[in-house]
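Asker: Just so we're aligned: 91 in full-length UniProt numbering is position 91 of the sequence shown, and the numbers increase by one with no gaps anywhere.
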Amino acid sequence: MTHARDNFIAWLKNAHAMEEQAITMLTAQSRRIESYPDLKARLEAHLAETQGQAERLKGLLDRLSGGASTLKHVAAKLAATAQGVGGMLTSDEVVKGSMSSYAFEHMEIATYRVLIAAADELGETEAKAVFEDILQQEIAMADWLGSNLDDITRVFLMRDERDLQAKR
Ligand SMILES: [Fe+2]
């Protein structure tokens with residue numbers, strides 16, 4: 001099972017880099033939002049969860065592979081910063097940001113489903129339990145965004161129409 005283990009560790013590293021990217025994006029987004037208090041609160045709550053997820057993944061990596069790749073983290077953070085800045089230049093950033101978050105959460109869901117299957121194959125029960133916990137948090141966030149995109153869009157359109165601050 002050497003190859004399986006190599007794949008597993010690589011996916012685990014990717015997941016950790018992904019959560020580091022999520023922390024950067026959620027921090028930038030939640031700080032900027034002013035006119036959408038429910039969205040701001042949900043992003044802040046998920047930011048706290050995501051910090052916990054990154055720590056748990058780091059713990060697994062330290063135990064299973066002797067440390068994560070630093071280079072990859074730097075690259076992920078730069079990509080996230082670029083994405084954040086890109087989103088801020090738009091006049092509809094709250095809508096664009098919500099769409100990005102919805103897509104990102106689904107990427108995370110896919111990542112943890114893959115990791116759960118791999119951990120199960122390898123008999124890594126502790127890791128599997130961690131991924132299952134995290135998966136539930138990602139599903140909850142994705143569901144919240146899924147059921148709030150309608151409201152966010154309508155409030156944005158209404159505020160924009162009345163020349164109230166709409167973009168964030
Ligand atoms: Fe997430």
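Ideal Cβ placement from N, Cα and C applies to all residues, glycine included.
Could you name the residues of the same chain whose beta carbon sits closer than 7 Å to that of residue 142, not counting the 5 residues immediately before and after it, in chain order?
Answerer: 102, 105, 106 and 109
Asker: Looking at the unbroken alpha helix (DSSP H) that takes in residue 102, where does it start and where does it end?
Answerer: 93-122
Asker: Using CA atoms only, rank isn't needed, just tell me which of 11, 4, 2 and 1 is closest to residue 113.
Answerer: 11
Asker: Identify whether residue 63 lies in helix, strand or coil by the three-state DSSP scheme.
Answerer: helix
Asker: Relative to ligand 1, is the shortest distance from any of its heavy atoms to the C-beta of residue 45 smaller than 7 Å?
Answerer: no
Asker: Let me check you understand the geometry: is the CB of residue 141 closer than 7 Å to at least one non-hydrogen atom of ligand 2?
Answerer: Ligands present in the displayed structure are limited to ligand 1, and ligand 2 is not among them.
Asker: Does any heavy atom of ligand 1 sit closer than 7 Å to the C-beta of residue 24?
Answerer: no
Asker: Under three-state DSSP, which class holds residue 90?
Answerer: Here residue 90 sits in coil by DSSP.
Asker: Do the CB positions of residue 165 and residue 49 come within less than 8 Å of each other?
Answerer: Not a contact, by the Cβ cut-off of 8 Å.
Asker: Tell me the DSSP secondary structure of residue 48 in three-state form.
Answerer: The three-state reading of DSSP puts residue 48 in helix, counting H, G and I together.
Asker: Is the beta carbon of residue 26 sitting closer than 8 Å to the one on residue 46?
Answerer: yes
Asker: Just checking my contact of residue 55 with residue 168 at CB under 8 Å: how many whole Å lie between their CB atoms?
Answerer: At roughly 29 Å, the Cβ-Cβ gap does not stay under 8 Å, so residue 55 and residue 168 are not in contact.
Asker: Going by alpha carbons, who is nearest to residue 97 out of 39, 121 and 117?
Answerer: Of the candidates 39, 121 and 117, the one whose C-alpha sits nearest the C-alpha of residue 97 is 39.
Asker: Sorted by chain position, which residues of the same chain lie with C-beta nearer than 6 Å to residue 157's C-beta, five sequence neighbours on each side aside?
Answerer: none
Asker: Taking just the CA atoms, how far does residue 52 sit from residue 20?
Answerer: 11 Å
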